[in-house]
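> The structure under discussion is supplied below as structure tokens; questions concerning it will follow.
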Amino acid sequence: MSIFVRYIHKDTVIHRLSPLTKIFFLGAIWVTSFLTYHPYTLAVLIAFNIGLWLLARVPYLWARFKIILLTVSVVTLMWTLFFGFFHRNIGENPHYLFSYGDLHFSLEGMTFGIMMTLKVLSIVTIIPIIMWTSPLSKFMAALSKIKVPYMFVFILSTAFRFMPLIDTTFSEIVDSQKLRGHDIDSMDIFTKIMKGYVPIAVPLSLSLLRGSEDLQVAIETRAYGAPVVRTFVEEITLKKRDYIAIIVTLALVAGIMWYSIITGTTNPMGLQTAIVYK
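Residue numbers for the sequence shown follow my numbering, beginning at 3 and rising by one.
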């Protein structure tokens with residue numbers, strides 16, 4: 003889990019961009035992903051996100067992308083079943099591929115499922131760019147710069163800091179249990195669920211509760227919540243390269259939205275008209 007929230011220190015064009023620019027990337031890609039329903043436009047957004055990964059020289063690129071791909075690929079099947087069950091009479095002549103009882107697998111459903119998978123991928127693959135290429139302190143300062151409430155900034159940053167801690171603590175507990183003869187790797191899947199994770203979950207929970215109590219004491223001794231104007235060490239500004247990146251991104255999303263409007267794919271029904279019933 004921590005591979006998606008840890009800062010990767012490199013000197014690349016993406017790392018040198020302001021966190022404000024990367025937050026703009028996030029907002030622009032998310033809004034566009036929600037508004038378009040065409041697989042071609044969503045594929046372009048995913049390609050843009052992966053291009054940012056390549057420019058940032060992310061290590062283990064395929065391994066990281068494979069985790070995301072395997073996680074969201076089930077969306078295709080889920081939405082195909084949903085579409086076939088609740089929308090059997092979409093269009094004049096639904097293109098049924100095959101049926102199994104009350105479940106109908108249609109070309110329309112498969113198209114919609116693929117579209118939803120691409121939509122989730124386009125939304126998810128832009129998120130790690132912020133965490134991989136921006137130190138957490140700069141990310142917090144950027145959020146405060148755009149007037150995000152400090153309470154939310156603190157909660158978000160604490161969550162990001164705790165996720166690597168959970169991963170590290172889990173690995174340490176697993177290694178400790180292996181030394182005591184509790185080798186979870188040698189168990190089958192059912193034994194892992196019933197017996198394997200219990201001796202790990204209990205000490206993990208206790209360790210995290212102890213860590214949260216220490217955090218509470220630490221922030222209280224530093225007068226957290228005092229009614230003062232907060233300042234940040236990091237100075238967040240936009241430079242020439244940031245404006246160029248923003249203009250390129252605006253041109254991309256404007257082109258995608260123009261194509262979606264002229265093809266009528268700004269809604270799911272337009273997707274069926276443009277692809278299945280064209």
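The beta-carbon is built from N, C-alpha and C at its ideal position, and this holds for glycine as well.
Quick one: is Trp260 buried, meaning 16 or more other Cβ sit within 10 Å of its Cβ, or exposed?
That one is exposed.
> Less than 8 Å between C-beta atoms, sequence neighbours within five positions excluded: which residues of the same chain meet that for Phe234?
If we look at Phe234 and ignore the five residues flanking it on each side, its Cβ neighbours are Ser139, Met142, Ala143, Ser146.
> Between which two residues does the alpha helix (DSSP H) carrying Gly53 extend?
Residues 41-57.
> By the 10 Å Cβ neighbour count, where 16 or more other Cβ atoms means buried, how is Val60 classified, buried or exposed?
The residue is buried, with at least 16 neighbouring Cβ atoms inside 10 Å.
> Of the choices Leu158, Pro137, Leu47, whose alpha-carbon is the least far from that of Leu120?
For Leu120, the nearest C-alpha among the options comes from Leu47.
> Given that a residue counts as buried once 16 or more other Cβ atoms are within 10 Å of its Cβ, and exposed if not, what is Leu208?
It is exposed - the Cβ of Leu208 has fewer than 16 other Cβ atoms within 10 Å.
> Which class does Ser207 belong to by DSSP, given the choice of helix, strand or coil?
DSSP places Ser207 in helix when its eight states are reduced to three.
> Is Ile238 helix, strand or coil when you go by DSSP?
Coil.
> Ordered along the chain, which non-local residues of its own chain (more than five positions away) have a Cβ less than 6 Å from that of Leu181?
Excluding sequence neighbours, Leu181 sits near nothing in its chain.
> I need the DSSP call for Lys180, collapsed to helix, strand or coil.
Helix at Lys180.
> Sorted by chain position, which residues of the same chain lie with C-beta nearer than 6 Å to Thr135's C-beta, five sequence neighbours on each side aside?
Answer for Thr135: Ile16, His17, Ala58, listed in chain order.
> Going by CA-CA distance only, name the one from Lys149, Tyr39, Phe162, Ile129 that's closest to Gly115.
Of the candidates Lys149, Tyr39, Phe162, Ile129, the one whose C-alpha sits nearest the C-alpha of Gly115 is Tyr39.
> By how many angstroms is the C-alpha of Pro229 removed from the C-alpha of Leu56?
Approximately 43 Å, taken between the alpha carbons.
> Tell me the DSSP secondary structure of Leu22 in three-state form.
If DSSP states are grouped into helix, strand and coil, Leu22 belongs with the helices.
> Three-state secondary structure (DSSP) at Asp13?
Residue state, collapsed to three classes: coil.
> Could you name the residues of the same chain whose beta carbon sits closer than 6 Å to that of Ile10, not counting the 5 residues immediately before and after it, in chain order?
Excluding residues within five positions, the ones whose Cβ falls inside 6 Å are Trp134.
> Which term fits Lys24, buried or exposed, when burial requires 16 or more other beta carbons within 10 angstroms of its beta carbon?
Counting Cβ neighbours within 10 Å, Lys24 comes out buried, since at least 16 surround it.
> Take Leu54 as the anchor and find which of Arg8, Ser124, Tyr42, Pro41 has the nearest alpha-carbon.
The shortest C-alpha separation from Leu54 is found at Ser124.
> Pop quiz: Thr113 and Ile258 are said to be a contact at Cβ under 8 Å. What is the actual Cβ separation, rounded to whole angstroms?
Contact doesn't hold; Cβ gap of about 19 Å is too wide.
> Express the C-alpha separation of Phe36 and Pro205 in angstroms, rounding to a whole number.
For Pro205 and Phe36, the distance between alpha carbons rounds to 41 Å.
> Please report the Cβ distance between Leu1 and Ile238, rounded to the nearest whole angstrom; I am assuming they are in contact, meaning their Cβ atoms lie under 8 Å.
There is simply no residue 1 to check, as the chain begins at 3 and stops at 280 in what is shown.
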